[in-house]
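Working notes for the structure below.
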Amino acid sequence: AIAPDCVVVGNVMSRGVDVVEAMLNNNHRYTSGPQWLAENVLHDRHVIAVAGTHGKTTTASMLAWILEDAGLDPGFLIGGIPINFGTSARFGKSRFFVVEADEYDTAFFDKRAKFVHYRPRTLIINNIEFDHADIYKDMDAILWQFHQLMRMVPADGNIITYGHDENIKKLIEMGCWTPVQTFGSSDDTDWVARFGDNVERHIGVRSPSGAAAETRWRMGGVHNLENALAAVAAAVSVGVPFERAVEAMSRFEGVKRRMERTATVANIAIYDDFAHHPTAIQKSIASMRRRYPGHRVVVAMEPRSNTMKLGVHNDSLANSLKDADLIWMYRPNNMGDGFDASLEALGSKLSLHRDYDQLVSEMSRKVLSGDQVIFMSNGGFGSARQTLTALLQRTRGP
29 AIAPDCVVVG NVMSRGVDVV EAMLNNNHRY TSGPQWLAEN VLHDRHVIAV AGTHGKTTTA
89 SMLAWILEDA GLDPGFLIGG IPINFGTSAR FGKSRFFVVE ADEYDTAFFD KRAKFVHYRP
149 RTLIINNIEF DHADIYKDMD AILWQFHQLM RMVPADGNII TYGHDENIKK LIEMGCWTPV
209 QTFGSSDDTD WVARFGDNVE RHIGVRSPSG AAAETRWRMG GVHNLENALA AVAAAVSVGV
269 PFERAVEAMS RFEGVKRRME RTATVANIAI YDDFAHHPTA IQKSIASMRR RYPGHRVVVA
329 MEPRSNTMKL GVHNDSLANS LKDADLIWMY RPNNMGDGFD ASLEALGSKL SLHRDYDQLV
389 SEMSRKVLSG DQVIFMSNGG FGSARQTLTA LLQRTRGP
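Going left to right, the sequence shown walks through residues 29 to 426 as our numbering numbers them.
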C-alpha cells in the first residue's frame, strides 16, 4: 500500500472510525482541513473572513463577486455555490482571498473553532447567536471563540460588524486592537443601507463619509440588505471604489440554496432555502411577504441541525414560523422531548409528518396558483422539493 504524505482530517471524522484508527495506528502525518488551508493557501494572502451565526455564505458570495466585478480576481472558499461563479472555491490570481469563517470545531484533535486558523486581515462579523449546542455549552463559550479570532486581526486591518448586535458589543468590550466600522439599516451605524421601494427591488447605501449610491438588485429581505452592506464595506476597505461596489450588486445572481427559486409550475413558485435557525427562518418568511404581497407564503421544513434536535430552539421555532400561511413539518424520529408540544401554537396551519412522500402528497393537493413555496432544510429533505415539482408538473401542467 502507498502511504499518504499527509492525511487531512475533516471535523466529521471522530475516534472509533476505522480510517481514523488506522491513521493513528500507522503513525501517519495528519492535519485538519482549516490548518491545511492556512498553511498551503492563506499564508501569504490578504484574507477577508466572513463570520457570524447567519449570513456567512451569502455575504462571502457577495463580497467575492464585488471583488471579481472590480477586476481583482479573488480566491474564495465558501460553504455554498455563488451562482455568478458556479463553484464554491477557487485559488484566484490576486492577493485577496475570501473565506467563510465557521465557528464549528476544527477536528477531533483540535476543538478550537475552525476560523482561528485563518488569521484574517479584514474580518466581517454579521451577528452572534447561540448555536451549535452540541459543541458549545453557552453563549460565553461561543464569545470566547470569536474573541480568539478577533485577537488575530492586525492593528492595520479592518473589522466590520453589525451595529445592533448586543453579543458583538460584548465581544468588542472583551478587547479589540483593530479599527471597527459598524453597519446596519438605521442612521446610528457607520455604514447604512435602506430599500428604495416597498418590494425591495432598489437599495441605497451611505458610506461613513456621507457618500451615497443606489442600485437595483435581484435579492430581497432586510437580512440580505445588511449582508450586502457588509460586503460593500469590506470591498471598499480593500480598495474597491464605493459606487462600483454598490453597483456590482445589480449583477449579483444569488447563491444556490439561499432562497433560490428552483421552479415555477402552474404559477406556483418553489424555492430552496438553507434556513434552519429560528432567526433565519423568520427573516426568510418576512422577506417573501414583503416581496410578494397578496400571495400565500407556504413553508415546508425539515429540522436537521444538532441544536434543533437537542431542543434548544423549541421555545422560538413556532414564533419564527407564525407568519407563514401553511406549514408542513417533517418530524424526524430523533427529535427530543417537547418538540411536538412546542409547535402547538401554530394550530391548524401546521401539518406534521414522519414520511416524506405523505408530506409531498398532501402539499400537492393544497398548494394554489400564486403560492410562494419555500423548502427549508440544511440537508436533502428526502428530495421532497424535487418530488413536489415533478408531481405538480404531472398533475397541474407547466
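Every residue, glycine too, gets a C-beta built ideally from N, C-alpha and C.
Note that the coordinates shown come from a computational prediction; the quantities given were computed from them, not determined experimentally.
**OP:** In the DSSP assignment, find the alpha helix (DSSP H) that holds L100 and state where it starts and stops.
**Re:** L100 -> no alpha helix (DSSP H), and no H or E assigned at all.
Subject >> Local Cβ density within 10 Å of Q421, reported as buried at 16 or more and exposed below that >> reply: exposed
Original post:
So what does DSSP say about V283, is it helix, strand or coil?
Top reply: strand
Original post:
Between T243 and H251, is the Cβ-Cβ spacing less than 9 Å?
Top reply: no
Original post:
Quick one: is H56 buried, meaning 16 or more other Cβ sit within 10 Å of its Cβ, or exposed?
Top reply: exposed
**OP:** Helix, strand or coil for K121, going by three-state DSSP, please let me know.
**Re:** coil
**OP:** Please name the residue or residues paired with F403 in a DSSP beta bridge.
**Re:** D300 and A328
Subject >> Inter-stretch contact at 8 Å, needing at least 3 Cβ pairs: the region 363 to 377 / the region 388 to 396 >> reply: no
Original post:
Where do the ends of the alpha helix (DSSP H) carrying E288 lie?
Top reply: From DSSP, E288 is part of no alpha helix (DSSP H) but of the beta strand (DSSP E) over E288 to V293.
Subject >> Closest by C-alpha distance to L91, when choosing among D46, D365 and I152 >> reply: I152
Original post:
Quick one: Cα of L474 to Cα of L349, how far?
Top reply: With the chain covering only 29 through 426, there is no way to say anything about residue 474.
Original post:
Skipping 5 residues on each side, what residues in its chain have a beta carbon closer than 6 Å to that of T290?
Top reply: I298 and D300
Original post:
Would G258 pass as a contact of Y164 if the rule is Cβ separation under 9 Å?
Top reply: Note that residue 258 is Ala in the sequence shown here, rather than Gly. Not in contact: A258 and Y164 (Cβ atoms no closer than 9 Å).
**OP:** Drop a sphere of 10 angstroms on the beta-carbon of V71, count the other beta-carbons inside from all chains shown, and report buried for 16 or more, exposed for fewer.
**Re:** The sequence given here places His at residue 71; Val does not occur at that position. Exposed is the call here.
Original post:
Going by alpha carbons, who is nearest to P236 out of R319, V220, V227 and L354?
Top reply: V220
Original post:
Is it a yes or a no for the region 144 to 160 touching the region 309 to 318, going by three-plus beta-carbon pairs under 8 Å?
Top reply: no
Subject >> S312, buried or exposed, once every other Cβ within 10 Å from all chains shown has been counted against 16 >> reply: buried
Original post:
Which whole runs of the beta strand (DSSP E) in the region 148 to 212 are 3 residues long or more, in chain order?
Top reply: 150 to 153, 186 to 190 and 208 to 212
Original post:
Roughly how many whole angstroms lie between the Cα atoms of D385 and P182?
Top reply: 53 Å
Original post:
If F223 sits next to L253, beta carbons under 8 Å apart, how far is it from one beta carbon to the other, in whole angstroms?
Top reply: 7 Å
Original post:
Taking all protein chains shown into account, do 16 or more other C-beta atoms lie within 10 angstroms of the C-beta of D133, making it buried, or fewer, making it exposed?
Top reply: buried
Subject >> Cβ neighbour criterion (16 or more within 10 Å) applied to R382 >> reply: exposed
Subject >> Cβ-based neighbour list, V388, same chain, cut-off 6 Å, excluding 5 preceding and 5 following >> reply: A412, T415 and L416
Original post:
Would you say the region 38 to 58 touches the region 108 to 125, given that touching needs at least three Cβ pairs under 8 Å?
Top reply: no
**OP:** Helix, strand or coil for W93, going by three-state DSSP, please let me know.
**Re:** helix
Original post:
On the three-pair Cβ rule with 8 Å, is the region 44 to 64 touching the region 207 to 215?
Top reply: no
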